[in-house]
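Order-wise, the sequence lines are chains C and Y. Under the working numbering, think of the first position of the first sequence as 26, with each following residue one higher. Under the working numbering, think of the first position of the second sequence as 26, with each following residue one higher. Glycine residues also receive a C-beta, built at the ideal position from the N, C-alpha and C atoms. Given the structure is predicted, the values throughout are model-derived calculations rather than measurements.
Protein chains: 2
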Amino acid sequence: VRTRDHRRLFADAVDGDRGAAGRLLSMVERGGENAQQVAALAFAPSESIDAVIGVTGAPGAGKSTLTDGLVAEARRAGHRVGVLAIDPSSPYSGGAILGDRVRMQRHADDPGVFIRSMATRGHHGGLALAVPEAIRLLGAIGYRTVVVETVGVGQVEVDIAGAADTTVVVVTPGWGDSVQASKAGLLEIADVFVVNKADRPGVDQTVRDLETMLDLDPLAASVERDPAAPAAWRPPVLATVATTGEGVAQVWEQLCAHHERLARTGELERRRRRRLLDELERALVGQLRREVRLLADGDAYREVADSVLAGRLDPQAGAERLAALAGLAERGPGR
Amino acid sequence: VRTRDHRRLFADAVDGDRGAAGRLLSMVERGGENAQQVAALAFAPSESIDAVIGVTGAPGAGKSTLTDGLVAEARRAGHRVGVLAIDPSSPYSGGAILGDRVRMQRHADDPGVFIRSMATRGHHGGLALAVPEAIRLLGAIGYRTVVVETVGVGQVEVDIAGAADTTVVVVTPGWGDSVQASKAGLLEIADVFVVNKADRPGVDQTVRDLETMLDLDPLAASVERDPAAPAAWRPPVLATVATTGEGVAQVWEQLCAHHERLARTGELERRRRRRLLDELERALVGQLRREVRLLADGDAYREVADSVLAGRLDPQAGAERLAALAGLAERGPGR
Numbered sequence: 026v027r028t029r030d031h032r033r034l035f036a037d038a039v040d041g042d043r044g045a046a047g048r049l050l051s052m053v054e055r056g057g058e059n060a061q062q063v064a065a066l067a068f069a070p071s072e073s074i075d076a077v078i079g080v081t082g083a084p085g086a087g088k089s090t091l092t093d094g095l096v097a098e099a100r101r102a103g104h105r106v107g108v109l110a111i112d113p114s115s116p117y118s119g120g121a122i123l124g125d126r127v128r129m130q131r132h133a134d135d136p137g138v139f140i141r142s143m144a145t146r147g148h149h150g151g152l153a154l155a156v157p158e159a160i161r162l163l164g165a166i167g168y169r170t171v172v173v174e175t176v177g178v179g180q181v182e183v184d185i186a187g188a189a190d191t192t193v194v195v196v197t198p199g200w201g202d203s204v205q206a207s208k209a210g211l212l213e214i215a216d217v218f219v220v221n222k223a224d225r226p227g228v229d230q231t232v233r234d235l236e237t238m239l240d241l242d243p244l245a246a247s248v249e250r251d252p253a254a255p256a257a258w259r260p261p262v263l264a265t266v267a268t269t270g271e272g273v274a275q276v277w278e279q280l281c282a283h284h285e286r287l288a289r290t291g292e293l294e295r296r297r298r299r300r301l302l303d304e305l306e307r308a309l310v311g312q313l314r315r316e317v318r319l320l321a322d323g324d325a326y327r328e329v330a331d332s333v334l335a336g337r338l339d340p341q342a343g344a345e346r347l348a349a350l351a352g353l354a355e356r357g358p359g360r
Numbered sequence: 026v027r028t029r030d031h032r033r034l035f036a037d038a039v040d041g042d043r044g045a046a047g048r049l050l051s052m053v054e055r056g057g058e059n060a061q062q063v064a065a066l067a068f069a070p071s072e073s074i075d076a077v078i079g080v081t082g083a084p085g086a087g088k089s090t091l092t093d094g095l096v097a098e099a100r101r102a103g104h105r106v107g108v109l110a111i112d113p114s115s116p117y118s119g120g121a122i123l124g125d126r127v128r129m130q131r132h133a134d135d136p137g138v139f140i141r142s143m144a145t146r147g148h149h150g151g152l153a154l155a156v157p158e159a160i161r162l163l164g165a166i167g168y169r170t171v172v173v174e175t176v177g178v179g180q181v182e183v184d185i186a187g188a189a190d191t192t193v194v195v196v197t198p199g200w201g202d203s204v205q206a207s208k209a210g211l212l213e214i215a216d217v218f219v220v221n222k223a224d225r226p227g228v229d230q231t232v233r234d235l236e237t238m239l240d241l242d243p244l245a246a247s248v249e250r251d252p253a254a255p256a257a258w259r260p261p262v263l264a265t266v267a268t269t270g271e272g273v274a275q276v277w278e279q280l281c282a283h284h285e286r287l288a289r290t291g292e293l294e295r296r297r298r299r300r301l302l303d304e305l306e307r308a309l310v311g312q313l314r315r316e317v318r319l320l321a322d323g324d325a326y327r328e329v330a331d332s333v334l335a336g337r338l339d340p341q342a343g344a345e346r347l348a349a350l351a352g353l354a355e356r357g358p359g360r
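Next up, the structure:
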């Protein structure tokens, strides 16, 4: 198995070999030269992806169970589905991740579903690159509907949500008032709100809070994403009990409606193009960051670092001096 | 007032002019050339700062009220205190921020306390730079104990916590089980755990959960930060009712104990040196990012971008081509 090269693994994955698909995703996740070769193989015009759905929200909101239900809906509609579960890798979360995956077991024998966890810790900037590449890989090997599930509500999650065409934000009754949702930055990224665990008290209040927030600024979501967007989409607020499946079909319907609208207005294509250009910029920054590491081996870097540590030069001034030494300010392509 | 230059503003701030201090912090927050000039003025060997305390945790955990209590303790101990409240700027959170600040009103007439909100949204990488600079500015103008309060539990907050000598993680009873705390990455950054709102049910269980997590790996916190760290500090788990002040003095005692240990073992100096070098690297990456923007104006960038959008070249390969065109791979200082 060890001798199969990327091309062979890719061909096998396209033929339905899930082990090959898993190995390719591991390569993408680890980054480096192998990741680059796999990404280049999987790169294709965006037509290889039908829909990318982001599912995000606070820990414990039931995102995995909801994702499970959405996968079932997608299968019923005839789509092959890839799931990327972005998990923080921590010595203690192993059990929880296992738990999430166990819940997904109902799809384990379905060749039309591919579920994969990706770690977040230790990747930082790298993750934002790996997720779009993993999405494209899944599309290229035939899982053209991709669900990206993220744990947490921080900037990393907001960045990952940026890789989705449609983002579902999951909250729970009593999870917090509307101000908390707003504080966490959820309002800006939500295309669909789901109040899960709707069998608990407080669901009506939470739905009302979210609707009030949307009343205050119905353009919030789409304006944040694209000030030039056509007629706004008001994120629907839906109540679900994901464990019993209650309300999940309605969520799927709204996802389809949102996707249809994106495609019809040309916004889907615009978003995808913008994301690709963002990705190019991030990749370029990553490339430059590697150059910084090389710089760090030079004498000039050590001298500047000593000046900073001695309190003679602040870090920003030190960085400017190093950039000037590297000749960055003086040259560039196309000039 | 408009004509006062940075030096004059700085001198006035050192003399206790809080308006001048506020204007300098605004400059630091906005970034750019002014920020750089202020940062250079405020940069000094780390002796100008006594202690940097981070207070972080989930939204609604009562961080502002606890911070308020810790400020009172610090004042009782004779320290001048600066508070940086890192708030997500959202059209809807204005009220909440106001509410937080109103709670802090008891210090409003105390010239030994300076409280300042900083926005997170729209800064991304920039924030991580602005916070250390703002901390140094506060130290340089005489607020040598600085409390950095962050809303949320995402990567941005973890990064900001990296600017603190000692980090307090605030949770509430029933906020979530130990796995959730771990998922949110709190275990790795906590030097002191506070279970706030201890008048609510479930406080004992939450304390037990946290202690169990720490039992599982008592080295977790210090090892994550520095594998070569001397004898580990086990983060104490303290219960508080910040609104009544119950338990806050004990938190302050533990903060002092942790700080004393850091100073005694030389770890304080090591951490601060490491942070300065991290800052230098981030500043260099920021510098390079600006170069990327310049590159983006060139013909080569447009050609590469077109290839990416046409599906001929993946973003990573495009970035490598641009970096090669910029001559980055061939040159560097000190070689």
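Using a Cβ cut-off of 7 Å, pull out every chain Y residue sitting near glutamate 294 of chain C, in sequence order please. Within the first sequence, numbered from 1, the residue matching residue 294 of chain C stands at position 269. By Cβ distance, chain Y contributes nothing, its closest Cβ being about 10 Å from glutamate 294 of chain C, past 7 Å.
Residues in the region 339–350 of chain Y having any Cβ partner in chain C nearer than 7 Å: Per Cβ criterion, the list reads Asp339, Pro340, Gln341, Ala342, Gly343, Ala344, Glu345, Leu347, Ala348 and Leu350.
Within-8 Å CB hit, alanine 298 of chain Y to chain C: Your numbering for residue 298 of chain Y matches position 273 in the second sequence. The sequence shown places arginine at residue 298 of chain Y, rather than the alanine named in the question. So yes, arginine 298 of chain Y belongs to the interface.
At a CB distance below 9 Å, what residues from the region 309–331 of chain Y approach chain C? Give them in sequence order. So the close ones are Leu309, Val310, Gly311, Gln312, Leu313, Arg314, Arg315, Glu316, Val317, Arg318, Leu319, Leu320, Ala321, Asp322, Gly323, Asp324, Ala325, Tyr326, Arg327, Glu328, Val329 and Ala330.
Would arginine 141 of chain Y and valine 195 of chain Y qualify as a contact pair, given that the criterion is a beta-carbon distance under 8 Å? As a first step, residue 141 of chain Y must be located in the second sequence, where it is residue number 116. As a first step, residue 195 of chain Y must be located in the second sequence, where it is residue number 170. Arginine 141 of chain Y places its beta carbon 8 Å or farther from that of valine 195 of chain Y.
Step through the CB atoms of chain C and report whether any lies within less than 8 Å of the CB of glycine 79 of chain Y. As a working note, residue 79 of chain Y is residue 54 in the second sequence. Cβ-Cβ to chain C under 8 Å: no for glycine 79 of chain Y.
Out of C:Val80, C:Ala349 and C:Arg259, point me to the one whose CA is closest to threonine 237 of chain C's CA. Stepping through the first sequence from its first residue, residue 237 of chain C is reached at position 212. The candidate whose alpha carbon is nearest that of threonine 237 of chain C is C:Arg259.
Sequence-distant residues of the same chain with beta carbon closer than 6 Å to glutamate 249 of chain Y, five excluded per side: Residue 249 of chain Y sits at position 224 when you count from the first residue of the second sequence. Note on glutamate 249 of chain Y: pLDDT 44, under 50, position unreliable in the model; no value is reported.
At 4 residues or longer, what runs of the alpha helix (DSSP H) sit wholly inside the region 32–78 of chain Y? Here the runs fully enclosed are 43–55 and 57–67.
Would you mind giving the Cβ-Cβ distance between leucine 347 of chain C and leucine 309 of chain Y, rounded to the nearest angstrom? I have them listed as a contact below 8 Å. Reading the first sequence from its first residue, position 322 is the one you call residue 347 of chain C. Reading the second sequence from its first residue, position 284 is the one you call residue 309 of chain Y. Their Cβ separation, rounded to whole angstroms, is 6 Å, which keeps leucine 347 of chain C and leucine 309 of chain Y in contact under 8 Å.
I need the straight-line Cα distance from alanine 282 of chain Y to glutamate 98 of chain Y, nearest angstrom please. Here residue 282 of chain Y refers to the residue found at position 257 when the second sequence is read from its first residue. Here residue 98 of chain Y refers to the residue found at position 73 when the second sequence is read from its first residue. Whole-angstrom Cα-Cα distance: 14 Å.
For arginine 169 of chain C versus alanine 67 of chain C, is the C-beta distance shorter than 8 Å? As a working note, residue 169 of chain C is residue 144 in the first sequence. As a working note, residue 67 of chain C is residue 42 in the first sequence. Not in contact: arginine 169 of chain C and alanine 67 of chain C (Cβ atoms no closer than 8 Å).
Tell me the DSSP secondary structure of arginine 297 of chain C in three-state form. Taking the first sequence and counting its residues from 1, one reaches residue 297 of chain C at position 272. In the structure shown, arginine 297 of chain C adopts helical secondary structure according to DSSP, grouped into three states.
Distance cut-off 7 Å: phenylalanine 35 of chain C Cβ against heavy atoms of the ligand ZN: Inclusion of the ligand ZN in the displayed structure is not the case, the ligand content being empty and no account of it being possible.
Three-state secondary structure (DSSP) of isoleucine 166 of chain C: Residue 166 of chain C sits at position 141 when you count from the first residue of the first sequence. Isoleucine 166 of chain C falls in the coil class under three-state DSSP.
Using alpha carbons as the reference points, say which of Y:Arg100, Y:Pro136, Y:Glu158 and Y:Gly79 lies closest to leucine 338 of chain C. The sequence position of residue 338 of chain C within the first sequence is 313, counting from 1. The candidate whose alpha carbon is nearest that of leucine 338 of chain C is Y:Glu158.
Step through the CB atoms of chain C and report whether any lies within less than 8 Å of the CB of valine 248 of chain Y. The sequence position of residue 248 of chain Y within the second sequence is 223, counting from 1. Annotation note: pLDDT 42 at valine 248 of chain Y (below 50); position unreliable, coordinate value reported separately. With 8 Å as the cut-off, valine 248 of chain Y does not count as an interface residue toward chain C.
If you reduce the DSSP assignment to three classes, tell me which class alanine 344 of chain C lands in. Locating residue 344 of chain C in the first sequence gives position 319, counting from the first residue. Reduced to three states, the DSSP call for alanine 344 of chain C is helix.
DSSP three-state call for glycine 103 of chain C: helix, strand or coil? Numbered from 1 along the first sequence, position 78 holds the residue referred to as residue 103 of chain C. Note: glycine 103 of chain C maps to coil in three-state DSSP.
Nearest residue (CA-CA) to leucine 95 of chain C, options C:Ala223, C:Ala83, C:Gln61 and C:Arg131: On the first sequence, residue 95 of chain C is found 70 positions in, with the first residue counted as 1. Nearest of C:Ala223, C:Ala83, C:Gln61 and C:Arg131 to leucine 95 of chain C, Cα basis: C:Arg131.
Using a Cβ cut-off of 8 Å (strictly closer), state whether alanine 36 of chain C contacts chain Y. If you number the first sequence from 1, residue 36 of chain C lands on position 11. Output row for alanine 36 of chain C: interface = no.
In this structure, how does DSSP classify glycine 311 of chain Y when only helix, strand and coil are distinguished? Taking the first residue of the second sequence as 1, we reach residue 311 of chain Y at position 286. In this structure, glycine 311 of chain Y counts as helix in the three-state DSSP scheme.
Is the CB-CB distance between alanine 344 of chain Y and glutamine 312 of chain C below 8 Å? Here residue 344 of chain Y is taken as the residue at index 319 of the second sequence, counted from 1. Here residue 312 of chain C is taken as the residue at index 287 of the first sequence, counted from 1. Yes, they are a contact pair.
Let me know the secondary structure DSSP gives arginine 141 of chain Y once reduced to three states. Locating residue 141 of chain Y in the second sequence gives position 116, counting from the first residue. It is a strand residue.
Contact set between valine 333 of chain C and chain Y, taken where Cβ atoms lie within less than 7 Å: Counting from 1 along the first sequence, the entry for residue 333 of chain C is found at position 308. What valine 333 of chain C touches in chain Y: Leu301 and Leu305.
With respect to the beta strand (DSSP E) encompassing valine 217 of chain Y, which residues constitute its N-terminal and C-terminal limits? Against the second sequence, residue 217 of chain Y aligns to sequence position 192. Counting along the chain, the beta strand (DSSP E) containing valine 217 of chain Y begins and ends at 217–220.
Taking 8 Å as the CB-CB cut-off, is valine 68 of chain Y touching chain C? On the second sequence, residue 68 of chain Y is found 43 positions in, with the first residue counted as 1. A small fix is needed here, since residue 68 of chain Y is phenylalanine in this sequence, not valine. Yes, phenylalanine 68 of chain Y counts as interfacial toward chain C.
Contact under 8 Å by Cβ, valine 156 of chain Y with alanine 186 of chain Y: Residue mapping note: residue 156 of chain Y aligns to position 131 of the second sequence, counting from 1. Residue mapping note: residue 186 of chain Y aligns to position 161 of the second sequence, counting from 1. Not in contact: valine 156 of chain Y and alanine 186 of chain Y (Cβ atoms no closer than 8 Å).
Helix, strand or coil: which one does DSSP assign to alanine 264 of chain Y? Translated into the one-based positions of the second sequence, residue 264 of chain Y becomes position 239. Looking at alanine 264 of chain Y - three-state DSSP - the assignment turns out to be strand.
Using 8 Å as the limit for Cβ to Cβ distance, is glycine 439 of chain Y near chain C? The requested residue 439 of chain Y is not part of the displayed model; chain Y covers only 26 to 360.
Which chain C residues are close to glutamine 61 of chain Y, counting only those with a beta carbon under 9 Å from its beta carbon? Indexing the second sequence from 1 puts residue 61 of chain Y at position 36. Residues of chain C passing the Cβ test: Asp339, Gln341, Ala342 and Glu345.
Continuous beta strand (DSSP E) stretch holding threonine 192 of chain Y: start and end: Position 167 of the second sequence, counting from 1, holds the residue named residue 192 of chain Y. Counting along the chain, the beta strand (DSSP E) containing threonine 192 of chain Y begins and ends at 191–196.
For alanine 274 of chain Y, which residues in the same chain have their Cβ closer than 8 Å to its Cβ, ignoring the five residues on either side in sequence? What you label residue 274 of chain Y is simply residue 249 of the second sequence in a count that begins at 1. Once the five neighbours on either side are set aside, the close Cβ partners of alanine 274 of chain Y are Glu98.
I'd like the span of the alpha helix (DSSP H) that includes threonine 367 of chain Y, first residue to last. This structure leaves residue 367 of chain Y out entirely; chain Y is present only between 26 and 360.
In the structure shown, what three-state DSSP assignment does leucine 363 of chain C receive? The shown model of chain C, from 26 to 360, leaves out residue 363 of chain C, and the question about it has no answer.
My output table needs one value for alanine 110 of chain Y: the three-state DSSP class, helix, strand or coil. Taking the second sequence and counting its residues from 1, one reaches residue 110 of chain Y at position 85. Alanine 110 of chain Y: strand per DSSP, three-state reduction.
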